[in-house]
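Novice:
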Amino acid sequence: MTFVSFRFIIFLSSLLITYFLIPKKYQWCLLLLGSYVFYAFASPHFLVFLFISTIVTYICGVKLEKLSDACSKRLEEESDVLTKEQRKELKMIFMRKKKLVLIICLVINIGVLGVLKYFNFFMDNVSSMLRFCGISYEFPNISWLLPLGISFYTFITVGYCIDVYREMCKAQNNIFKYALFVSFFPQISQGPINRYNEMSVQLYEEHSFDHIRMQNGGYRVLIGIFKKVVVADRLGIYVNRVYGAPLDYDGLSLLFATVFYAVQIYCDFSGYMDIAIGVSEMVGIKMEENFNKPYFSRSIPEYWRRWHITLGAWFKDYLFYPVIRADWCKKIGKKYKKTVPTIIGLLVVWLTTGLWHGASWHYVIHGLYHGTLVILSFLFASVFNNMKTKLHINENAKLFHIFQMMRTFVLVDISYIFFRAANLKEATYIVNEIIFHLNPSKEALKTALLPFTEDNTAIAFFGVAMLATAGVFICEILDYNHITVFKKHKYLNVVIMLTLILLFGMFGQSSFIYMQY
Amino acid sequence: MSRKEIFERINIVFRDVFDNGDICIEEETTAVDIKGWDSLMHITLMDAIEEEFDIKFDMKTIIKLKNVGEIADIIEEEI
Amino acid sequence: MKKTIISIVTSFFIVFAIVMLKNCFSYMLPNDAMGIRAVVAKGHVNQLFLGASAFRKGIDVKMLEEELSGESFVLTYNGNQPYNMSLELKEILEEGTVIDMVIADFNPSMISEDANLSDKRLLWDTKFSTKWELWNEISKREDATFYMFYDYFVLSNNEYMVTYPLSYPLISKRYYRGGSLDDDAGSTEDELLDLEVVEKPGFNNLQEKAITEIISICNQYGVKLIFVESPRYIKMAENINYKEKSKALAQLLKASGTEYYCAADLDFDNKNAAYYTDLVHMSGEGKRLFTSQIIQRIKEQ
Numbered sequence: 001m002t003f004v005s006f007r008f009i010i011f012l013s014s015l016l017i018t019y020f021l022i023p024k025k026y027q028w029c030l031l032l033l034g035s036y037v038f039y040a041f042a043s044p045h046f047l048v049f050l051f052i053s054t055i056v057t058y059i060c061g062v063k064l065e066k067l068s069d070a071c072s073k074r075l076e077e078e079s080d081v082l083t084k085e086q087r088k089e090l091k092m093i094f095m096r097k098k099k100l101v102l103i104i105c106l107v108i109n110i111g112v113l114g115v116l117k118y119f120n121f122f123m124d125n126v127s128s129m130l131r132f133c134g135i136s137y138e139f140p141n142i143s144w145l146l147p148l149g150i151s152f153y154t155f156i157t158v159g160y161c162i163d164v165y166r167e168m169c170k171a172q173n174n175i176f177k178y179a180l181f182v183s184f185f186p187q188i189s190q191g192p193i194n195r196y197n198e199m200s201v202q203l204y205e206e207h208s209f210d211h212i213r214m215q216n217g218g219y220r221v222l223i224g225i226f227k228k229v230v231v232a233d234r235l236g237i238y239v240n241r242v243y244g245a246p247l248d249y250d251g252l253s254l255l256f257a258t259v260f261y262a263v264q265i266y267c268d269f270s271g272y273m274d275i276a277i278g279v280s281e282m283v284g285i286k287m288e289e290n291f292n293k294p295y296f297s298r299s300i301p302e303y304w305r306r307w308h309i310t311l312g313a314w315f316k317d318y319l320f321y322p323v324i325r326a327d328w329c330k331k332i333g334k335k336y337k338k339t340v341p342t343i344i345g346l347l348v349v350w351l352t353t354g355l356w357h358g359a360s361w362h363y364v365i366h367g368l369y370h371g372t373l374v375i376l377s378f379l380f381a382s383v384f385n386n387m388k389t390k391l392h393i394n395e396n397a398k399l400f401h402i403f404q405m406m407r408t409f410v411l412v413d414i415s416y417i418f419f420r421a422a423n424l425k426e427a428t429y430i431v432n433e434i435i436f437h438l439n440p441s442k443e444a445l446k447t448a449l450l451p452f453t454e455d456n457t458a459i460a461f462f463g464v465a466m467l468a469t470a471g472v473f474i475c476e477i478l479d480y481n482h483i484t485v486f487k488k489h490k491y492l493n494v495v496i497m498l499t500l501i502l503l504f505g506m507f508g509q510s511s512f513i514y515m516q517y
Numbered sequence: 518m519s520r521k522e523i524f525e526r527i528n529i530v531f532r533d534v535f536d537n538g539d540i541c542i543e544e545e546t547t548a549v550d551i552k553g554w555d556s557l558m559h560i561t562l563m564d565a566i567e568e569e570f571d572i573k574f575d576m577k578t579i580i581k582l583k584n585v586g587e588i589a590d591i592i593e594e595e596i
Numbered sequence: 597m598k599k600t601i602i603s604i605v606t607s608f609f610i611v612f613a614i615v616m617l618k619n620c621f622s623y624m625l626p627n628d629a630m631g632i633r634a635v636v637a638k639g640h641v642n643q644l645f646l647g648a649s650a651f652r653k654g655i656d657v658k659m660l661e662e663e664l665s666g667e668s669f670v671l672t673y674n675g676n677q678p679y680n681m682s683l684e685l686k687e688i689l690e691e692g693t694v695i696d697m698v699i700a701d702f703n704p705s706m707i708s709e710d711a712n713l714s715d716k717r718l719l720w721d722t723k724f725s726t727k728w729e730l731w732n733e734i735s736k737r738e739d740a741t742f743y744m745f746y747d748y749f750v751l752s753n754n755e756y757m758v759t760y761p762l763s764y765p766l767i768s769k770r771y772y773r774g775g776s777l778d779d780d781a782g783s784t785e786d787e788l789l790d791l792e793v794v795e796k797p798g799f800n801n802l803q804e805k806a807i808t809e810i811i812s813i814c815n816q817y818g819v820k821l822i823f824v825e826s827p828r829y830i831k832m833a834e835n836i837n838y839k840e841k842s843k844a845l846a847q848l849l850k851a852s853g854t855e856y857y858c859a860a861d862l863d864f865d866n867k868n869a870a871y872y873t874d875l876v877h878m879s880g881e882g883k884r885l886f887t888s889q890i891i892q893r894i895k896e897q
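Chains as they are written, first to last, in this note's numbering: chain A, 1 to 517; chain B, 518 to 596; chain C, 597 to 897.
(1) Which class does C:Asn672 belong to by DSSP, given the choice of helix, strand or coil?
(2) CB-CB under 7 Å to B:Thr578, same chain, minus the five flanking residues each way: which ones, in chain order?
(3) What residue ranges within the stretch 212-261 of chain A form continuous alpha helix (DSSP H) runs of no fewer than 4 residues, ordered along the chain?
(4) Do C:Ser607 and A:Leu502 have their C-beta atoms closer together than 8 Å?
(5) Counting only the same chain and skipping the five closest in sequence on each side, list residues whose C-beta sits under 8 Å from that of C:Ser708.
(6) Would the stretch 521-529 of chain B count as touching the stretch 546-557 of chain B if we require 3 or more Cβ pairs under 8 Å?
(7) B:Glu595 by DSSP, collapsed to three states: which one?
(8) At a CB-CB cut-off below 7 Å, which residues of chain B make contact with A:Tyr480?
(9) So which residues of chain A does C:Met597 contact, with C-beta pairs closer than 8 Å?
(10) For C:Cys814, does the count of other Cβ atoms within 10 angstroms reach 16, so buried, or fall short, so exposed?
(11) Do A:Gly371 and A:Leu346 count as a contact pair if the criterion is CB distance below 8 Å?
(12) Which bits of chain A does C:Ile699 rub up against, with CB to CB less than 8 Å?
(13) Starting from the C-beta of C:Thr784, find all residues in its chain whose C-beta is less than 6 Å away, skip the five residues before and the five after it, and write them out in chain order.
(14) Which residues, in chain order, does the stretch 149-172 of chain A contribute to contact with chain B at a C-beta distance below 8 Å?
(15) Any residues in the stretch 289-303 of chain A with a beta carbon nearer than 8 Å to a beta carbon of chain B? Which ones, in chain order?
(16) Just list the residues that DSSP pairs C:Tyr771 with in beta bridges.
(17) Classify A:Asn109 as helix, strand or coil using the three-state DSSP reduction.
(18) Closer than 8 Å, CB to CB, is A:Thr342 near chain B or not?
(19) Per DSSP, which one or two residues make a beta bridge with C:Leu821?
(20) Residues in the same chain with beta-carbon distance under 6 Å from C:Ser826, minus the five sequence neighbours each way, listed in chain order, please.
(21) So for A:Met168, helix, strand or coil by DSSP?
(22) Just the chain B side, please: which residues come within less than 8 Å of A:Ile324 by C-beta, in chain order?
(23) At 4 residues or longer, what runs of the alpha helix (DSSP H) sit wholly inside the stretch 48-120 of chain A?
(24) What's the gap between the Cα of B:Lys581 and the Cα of A:Asp163?
(25) Cβ closer than 7 Å: which chain A residues qualify as neighbours of B:Met518?
(26) Have a look at A:His392 and A:Asn386 and give me their C-alpha separation to the nearest angstrom.
(27) Chain B partners of A:Asp317, CB-CB under 7 Å?
(28) In this structure, how does DSSP classify B:Phe574 when only helix, strand and coil are distinguished?
(29) May I ask you to list the residues that DSSP assigns as paired with A:Phe291?
(30) For A:Thr54, count neighbouring C-beta atoms within 10 Å of its own C-beta (all shown protein chains included) and say buried if the count is 16 or more, exposed if not.
(31) Is C:Phe645 helix, strand or coil when you go by DSSP?
(32) Give every residue of the same chain whose Cβ lies closer than 8 Å to the Cβ of A:Thr353, excluding the five residues on either side of it in the sequence, and list them in chain order.
(33) Using DSSP bridges, identify the partner residues of C:Tyr857.
(34) Three or more C-beta pairs under 8 Å: does that hold for the stretch 29-36 of chain A against the stretch 119-134 of chain A?
(35) Using a C-beta to C-beta distance shorter than 7 Å, which residues of chain B count as neighbours of A:Phe378?
Following this line, the structure appears as structure tokens:
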């Protein structure tokens, strides 16, 4: 069951009605039931993996807290007896026990994700390496689908365990309450990757019906549906056609498709987030924002603070910081340059980011591409600053900001080629065609406008796709400059968006497909 | 060591890490107030403060620290 | 809360109004290069070519203009079936358009199909009554859903409507008297043999009745009617279902005394890949050869 479907509307309506009718102290129970019903419809065969992840991390959290409490108790009881050195020693003993528990939990949790998601990729690469050495052996591939949201709920649960380990939050002793935190249906399939501290306060408390909150949530959902079915799915038709067979298209078509893809993926992902956050708001729970006008970023590091925000924050707190604070990394920093640990940390993070997105080399390249840009940005920060001073560039000038935004967009769009292409070979072909074979002739423009050569409505379709893109762009520009003259007319916006959804929404394949006769 | 002395030493660290001799930190100074204080530089800053005061922050502290005043609190506790 | 409900109701009302206006009046907008309205606007057409896209791709309108006397016009819609063709012909003739001769598409591929709309432009060009008649037949299909209804009446042609000032001139430029001005390069034997043939068996009742209806309408309005087959590439022509359907269609026309010319009756080498862009549609070279064949047959009338 996806968010944009009749089934979901029925599910959500029945949930909301029941939610505000039952005694408030049972609301969280209903959310838990609803979340599991949602998961059962969306991904029934994989409930067992969600169970495993929930139970393993629940036990880990409880155990870690028991160890922390035991340690605090001992320190308090023996505070008069122990010397400073003995206190340190005691803390170290408990720390080691906690580390062991955490490591076992991480191995199981991430191990399940690793096997399900990366087994085939790993085996294919081993086969390639063996072939390189002259040994021909094909490992069997396991063909299975992934459990819905496994990449997300694994990160949510791992984050929880590490937070308990660091004593940043208290463990949840009620397994059902914990299960709700893990399976909460608005966040389960695509995030945001929420933190336990922020969510637990809201998930288990009582919520009264508030019509303002319902309207705000509904408004947010409407924006999400608009972005997804009017803009993203529409542009997707063009992008899928061209990226589905890139060798059949010339540089100009590939360029159009790549730019459209940037808009499509933003509207699709952020639209889904709007729906998730809006739905969550309707039940009284405020989730983290995941997007903040990313295409208005002035640098790649800034882009990653505005795009998939919770993922970046997760990697920063749970991977980057632990890596560069590790003793072995600090040793390297002391031995070589101070900047080396940061570079190592960034490489690890971006390699992992690439892999997290998918089990394929073109995703890894995508991650490393961004990692390289972030590292270069870090290393040459002072050089760039000096250049700006020497060239008398006014950093606060609007024109300079626009240049920075366009530059960042181009860099990001190049990375999308690697992200969207089916494989590395096609990605390099596309890059090559756009850079070296872009011949903007009238003929090329005609082919780019009419990828569906037998269907002359393609011009109209393309025109509306451009209008939709322009519409999104204008809204974002106004928002970025805090111009609220249109934004504040909420009811007018509802009328406009709903009308456009009903008239231009792509609710799946057209029923009437041209049959080539 | 008095709080004033701690602040003076912290200020020197800040000026060194951010390569800016004009920085003057206060109790409420946060990342928003200092140019370049992003997540990358945050760790560099924490490392430098650890070295300056011969203390060790745990991860909880590093992530949760909101302003310079809180840094000074921790330093006072550890010393 | 009240304002929210009013907003939602207003949206539905606006959509309803736009959809009704579109469905009732879209055919009135200027539409001179192709489609039903262009034919009606002419008032009197000497030779009307009625069929699907294979027909359109196979006919060279400039040659018709040079070689035939009077006005020729090509009326085609993608995936045009006999049932749709009967509705189109009915609407044109009932509006008082005078047609001397109809050269209809002898199209075995379409006679096995259920009612369908594979070219939404047909909805743009027709009056509401025709649209409703076609929908009635589509709704009788086993796989008919509410979404099909929504797609048919609400979603169709909205892009065209919104971009009309730009789309209409751009699209019209590609057509002349309903015929396509494209001059496509031919294919190769390897490429064509690689393509898959998808032909369903059987003669659908609706399509059979429709062909009889076309014959009857032409009789009623005194229109001379002949059927001509646009030769398919050999791989398709030899498909067993295609051959059976071809035979059945020929039998039906023969029984009603209607003149027809199958691919075999024409001097057209359907083994020559250069005449085709795929198994069904012709290249520029194929188009010119096929058109010359049709012109000959017409002159013999």
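C-beta: ideal position from N, C-alpha, C; glycine also.
Specialist: Looking at the coordinates:
(1) The question names Asn, but residue 672 of chain C is Thr in the sequence shown. If DSSP states are grouped into helix, strand and coil, C:Thr672 belongs with the strands.
(2) Around B:Thr578, the same chain offers Ile591 as residues with beta carbons nearer than 7 Å, after the five sequence neighbours per side are excluded.
(3) 233-244
(4) yes
(5) Glu795, Lys796, Pro797, Gly798, Phe799, Asn800, Gln803, Asn837, Lys841
(6) no
(7) The answer is helix: DSSP assigns B:Glu595 an H, G or I state.
(8) Result: empty, since nearest Cβ-Cβ is about 19 Å, beyond 7 Å.
(9) His211, Gln215
(10) Buried, since its Cβ has 16 or more Cβ neighbours within 10 Å.
(11) Cβ distance < 8 Å, so A:Leu346 and A:Gly371 count as in contact.
(12) Chain-ordered listing is empty here: chain A has no CB closer than 8 Å to the CB of C:Ile699, the nearest sitting near 17 Å.
(13) Ala869
(14) Per Cβ criterion, the list reads Arg166, Glu167, Met168.
(15) Pro301
(16) C:Ser776
(17) helix
(18) yes
(19) C:Val698
(20) Ala650, Phe651, Gly654
(21) Under the three-state reduction of DSSP, A:Met168 is assigned to coil, being neither helix nor strand.
(22) Ile560
(23) none
(24) Just so you know, the alpha carbons of B:Lys581 and A:Asp163 end up roughly 11 Å apart.
(25) Correct list: empty, because the minimum Cβ distance to chain A is about 18 Å.
(26) 10 Å
(27) Ile580
(28) coil
(29) A:Trp307
(30) buried
(31) strand
(32) Counting only Cβ-Cβ distances below 8 Å, and skipping sequence neighbours, we find Leu311, Phe315, Gly367, His370, Gly371.
(33) C:Val824
(34) no
(35) Leu557
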